[in-house]
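For reference, the structure is listed below as structure tokens.
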Amino acid sequence: MTKSVSTEMRGDVAVVWIDNPPVNALSHHVREGIVRELKGAVDSGAKAAVIAGRGGTFIAGADIREFGKPLQEPGLPEVCDIIEATTIPVVAAVEGNTLGGGLETALACHYRVTNARAKVGLPEVALGLLPGAAGTQRLPRCLKNPVEAVTMVSSGRPISGEKAAQIGLADQLSKGNVVDDAVDMANGINDNDLTGRRLSKVELEMTPEIAAIFDAAMVEIAKKAKGAIAPLKAAECVRAAYELPYAEGVKKERATFMELLPGDQSRALRHMFFAERQAQKPPADVSGEAREVKKVGILGAGTMGGGIAMTYAEAGFDVTMLEMSEEALDRGLGVMEKNWARGIKSGRITEAGVAERMARLTRTTSYDDLADCDLIIEAVFETMAVKKEVFGKLDAVAKPGAVLATNTSYLDINEIAAQTSRPHDVLGMHYFSPANIMPLLEIVRADKTADDVLLTALAVARKTRKTAVVARVGHGFIGNRMLTPYLRQANLLVLEGASPAEVDKALTDFGWAMGPFAVSDLAGLDIGYKSRQDQDLSQHEQRIYTAADRLVEAGHLGQKSGSGFYKYDPQTRARSENPDATSIIEEVRSELGINTRSITAEEIVERTQFALANEGAHVLGEGVAQRASDIDVVYNHGYGYPRWRGGPMHYVDTVGLKTVASKIAEWTEGAGGVHWEPSDLLMELADQDKSFAEWDKAK
Ligand code: 3H9
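Heads up: the sequence shown runs through residues 336 to 1034, numbered per the working numbering.
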């Protein structure tokens, strides 16, 4: 068996190579290997050592799969201390991903060489953790700039190697081969007095100016964290580097790391890390190769089509946009240009970048111009009749082998596919608005979708930086289907006595980016109104939305009309109570003979979140979603569900399915029972004292 850490002698310099694909994570054998090989280097009389990573990447961090399992010695803090205490100079060849424990390893080395492209950072907060191998103590001692240090640690955002060299994190910026340059540097070090190079020996002093910097930073960090606890804890540890001697600072960091590691937030965030990667893998029964996609056709230049076109143009694809009229094209392209202009203003893109994107766009009103497209995505009006007509036309013009996708959010894609002579080429690619910003893409595999068509959609999702989740056909697929019972409970809670603001507050306090009533106002209340008119709703269902319908009928359409469930300041868009909405709600309650009661935030959270998970369990049971963790990804990436809660299915796992099931059973038997349809899968898992995570694993 090849060793994951081995030494290559280059003259008198020992290059200690780490080779642990795919990302050179610091698994137990790697930690052991570093200690072993460094000792070997010293024992064999090497003049200096270089630590380098194979595959163009230094080290992407601790091995996350080992978290939660018993620690196998040596731990990373100890390894870092051993590196730092080594009696010969140790140089880190920092390239590729140098993240988390990887950067901590580099900080324990005496010197660092990097290149401009390296990605250097401490992303632990994204996993609900903080650097646990003295990163919060060595980084500020290295940078001597508290702002840079606290920003890197609390935001988790990596910086480029170029920036790392600028701010003193690296000693040299290589323009050639980083490892060769690190060896050259090691060869040139003649002073073996390494005291000044050992960051743990650097003394920091707290001054009133630095204390003020931290005070201000803490306020900002708390604001941005939106309920996540790790960023603030991480910042507190960086502050401690200025307030405490090194050993005490390390103790504080260690204690905080050990407190966060088993906590709900870190577990949820680690769950999300693996869930996202799992979701984007092809389903087990799919094989073959993706088709090549260079040119993409988009039907419809409205909000959705425009956002999709921007996504593809930004990712370097040639895009042909089809609309019914030149005016519609003018309008659509005008909106896209305006959106990009905003990007220029905010510094996100350059003028030249926008010009390049615009040059990739071709406009047309003729279906014939889609004949050379490899992928065609339809984003036209959401009715079956229109979709069928469009797919009939596409079938006539698209070249053989072109992938035909519909962006429908609810409709039966099997029925749409049947309109063509090539249903195997048809699938759903359901984007979320605004499509150029929202990361989620539901890829809907219809009954006859060919394997290579599905693989093509997954491949373009990667190229366009979307988080893909594969779903099966079913009304509303995964995300929108689950929204219905969630919104039903929110509206019922208002009928029973809560105000829309109380419901929204309970849910934003829970961590949602926005509450359901603020979201409805943003989307436009007329949208739900129209969709209800088109459906054959039961009397029970209609009653729930009476207030929402009356608001629309009275001209309160949401943000676009200045009022909906809330009133909006025309300048600032600040929300306040809409007295008309309050009286409409009161009127409906009294017409329905409801005795209102005060409703706790706990009940609001439980009823809405359990309704969401219950529907998620239906979606799973019917095979519309492959895994509970896929549902979590959908809700995190498409609906503003708090990432640190891990998604609606992970959340109920943390509550315990027994508790959730008994509440649902209680509500089903109670007065509002008609609105509950308990999922067999959820009830069975609860009976067996199992979780959705266990169900996923057993599949
Ligand atoms: C830490 O360091 C704590 C310390 O401070 C203290 C310790 C005491 N471990 O993302 P990809 C797997 S916390 C284990 O698709 P990319 C990943 O699951 C850590 N596995 O590739 C996937 O497996 P699979 C701080 C890991 O090129 C495969 O590698 N570091 C780890 O798009 C490919 O991953 C981080 O948080 C890991 N650390 O992106 C960095 N990393 O093929 C986390 C990846 O079975 N990692 N895998 O699905 C990343 O951000 C990205 O993976 C990276 C590469 C940017 C490195």
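By construction, the Cβ of each residue, glycine as well, lies at the ideal position given by its N, Cα and C atoms.
Beta-carbon spacing of residue i, residue j below 8 Å
i: residue 674; j: residue 645; result: yes
i: residue 617; j: residue 529; result: no
i: residue 792; j: residue 764; result: yes
i: residue 333; j: residue 850; result: The structure shown does not extend to residue 333, since the chain is modelled only from 336 to 1034, so the question has no answer here.
i: residue 572; j: residue 588; result: yes
i: residue 672; j: residue 635; result: no
i: residue 505; j: residue 449; result: yes
i: residue 884; j: residue 898; result: no
i: residue 458; j: residue 493; result: yes
i: residue 882; j: residue 954; result: no
i: residue 278; j: residue 397; result: Residue 278 falls outside the range modelled here, since the chain spans only 336 to 1034, and no answer is possible.
i: residue 623; j: residue 787; result: yes
i: residue 825; j: residue 852; result: yes
i: residue 983; j: residue 967; result: yes
i: residue 576; j: residue 471; result: yes
i: residue 451; j: residue 508; result: yes
i: residue 710; j: residue 628; result: yes
i: residue 978; j: residue 971; result: yes
i: residue 697; j: residue 661; result: no
i: residue 606; j: residue 364; result: no
i: residue 639; j: residue 453; result: no
i: residue 496; j: residue 455; result: yes
i: residue 439; j: residue 420; result: no
i: residue 714; j: residue 604; result: no
i: residue 431; j: residue 392; result: yes
i: residue 442; j: residue 474; result: yes
Same chain, Cβ closer than 6 Å to residue i, neighbours up to 5 away in sequence not counted
i: residue 796; result: 776, 803
i: residue 726; result: 751, 754, 755
i: residue 857; result: 894
i: residue 1073; result: Nothing can be reported for residue 1073, as the shown portion of the chain is limited to 336 through 1034.
i: residue 702; result: 728, 732
i: residue 749; result: 781, 782, 808
i: residue 625; result: 790, 791, 794
Buried or exposed by the 16-neighbour rule on C-beta atoms within 10 Å, applied to residue i
i: residue 810; result: exposed
i: residue 303; result: Because residue 303 is not part of the residues shown, which for the chain are 336 to 1034, the question remains open.
i: residue 862; result: exposed
i: residue 344; result: exposed
i: residue 366; result: buried
i: residue 991; result: exposed
i: residue 835; result: buried
i: residue 568; result: buried
i: residue 839; result: buried
i: residue 801; result: buried
i: residue 1009; result: exposed
i: residue 997; result: exposed
i: residue 904; result: exposed
i: residue 973; result: buried
i: residue 609; result: exposed
i: residue 1015; result: exposed
Which residues DSSP lists as bridging residue i, in chain order
i: residue 454; result: 432, 495
i: residue 630; result: 653
i: residue 902; result: 898, 911
i: residue 509; result: 450
i: residue 352; result: 341, 387
i: residue 806; result: 779, 960
i: residue 711; result: 632, 739
i: residue 426; result: 385, 446
i: residue 394; result: 433
i: residue 699; result: 657
i: residue 893; result: 898
i: residue 761; result: 739
i: residue 766; result: 776
Contacts around residue i, its chain only, beta-carbon distance under 7 Å, and the 5 residues preceding and following it disregarded
i: residue 937; result: none
i: residue 647; result: 631, 654, 799
i: residue 362; result: 355, 398, 401
i: residue 999; result: 945, 949, 1011, 1013
i: residue 444; result: 386, 418, 425, 426, 427
i: residue 502; result: 478, 480, 483
Sequence-distant residues of the same chain with beta carbon closer than 8 Å to residue i, five excluded per side
i: residue 342; result: 349, 350, 351, 352, 372, 375, 376
i: residue 823; result: 876, 879, 946, 1010
i: residue 744; result: 717, 765, 811, 812, 815
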